[in-house]
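Residue numbers (mature numbering (1 follows the signal peptide of the UniProt record, and there is no 0)): -23 to -1, 1 to 83.
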């Protein structure tokens, strides 16, 4: 009985964790469309494909989102995007990077 309880709790925790990961990617896609699609003149697929997952992860860890955005899309303003939206956009870019095999719908 105790094992069943542990398995049930583990399943719930895993389910919530997985859902929140996808929510960030989905929110990142919406934020990309809202803040960057028009000023950058490219869709999420093209933008995310500018780097590999490792590259995007390094950019995220080093806090260089604004610097990279300025290189890839000089007309967009990083200051117009909240920190939460930047994190979600980074999750989106990592998930759909050039070596990911995933394709967004924007």
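Yeah, the Cβ is synthetic: ideal placement off N, Cα and C, and Gly gets one too. The model shown is predicted, which means the values in this text are computed figures rather than measured ones.
Check: Can you tell me whether DSSP reads residue 110 as helix, strand or coil?
Finding: In the structure displayed, the chain extends from -23 to 83; residue 110 sits before or after that span and is not available.
Item checked: Separation of residue 3 from residue -7, as counted between CA atoms -> Position 17 of the chain shown, counted from the start, is the residue given in the question as residue -7. Position 26 of the chain shown, counted from the start, is the residue given in the question as residue 3. Residue placement at residue -7 is poorly supported in this model, since its pLDDT is 48, which falls under 50; the coordinates still yield a value, given next. If I take the Cα positions, the gap works out to 14 angstroms.
Next item on the list: Pick helix, strand or coil for residue 35, following the three-state DSSP scheme.
Entry: Working through the chain shown from its first residue, we reach residue 35 at position 58. If DSSP states are grouped into helix, strand and coil, residue 35 belongs with the helices.
Margin query: In whole angstroms, give me the CA-to-CA distance for residue 34 and residue 67.
Written below: Translated into the one-based positions of the chain shown, residue 34 becomes position 57. Translated into the one-based positions of the chain shown, residue 67 becomes position 90. About 8 angstroms.
Notebook entry, point to check: How close, in whole Å, do the beta carbons of residue 12 and residue 58 come, if the pair is a contact with beta carbons under 8 angstroms?
Noted result: Here residue 12 refers to the residue found at position 35 of the chain shown. Here residue 58 refers to the residue found at position 81 of the chain shown. Yes, residue 12 and residue 58 are in contact; Cβ-Cβ is about 5 angstroms, under 8 angstroms.
Checklist line | Length of the line joining the Cα atoms of residue 80 and residue -23 | finding: What you label residue 80 is simply residue 103 of the chain shown in a count that begins at 1. What you label residue -23 is simply residue 1 of the chain shown in a count that begins at 1. Rounded to the nearest angstrom, the two C-alpha atoms are 43 angstroms apart.
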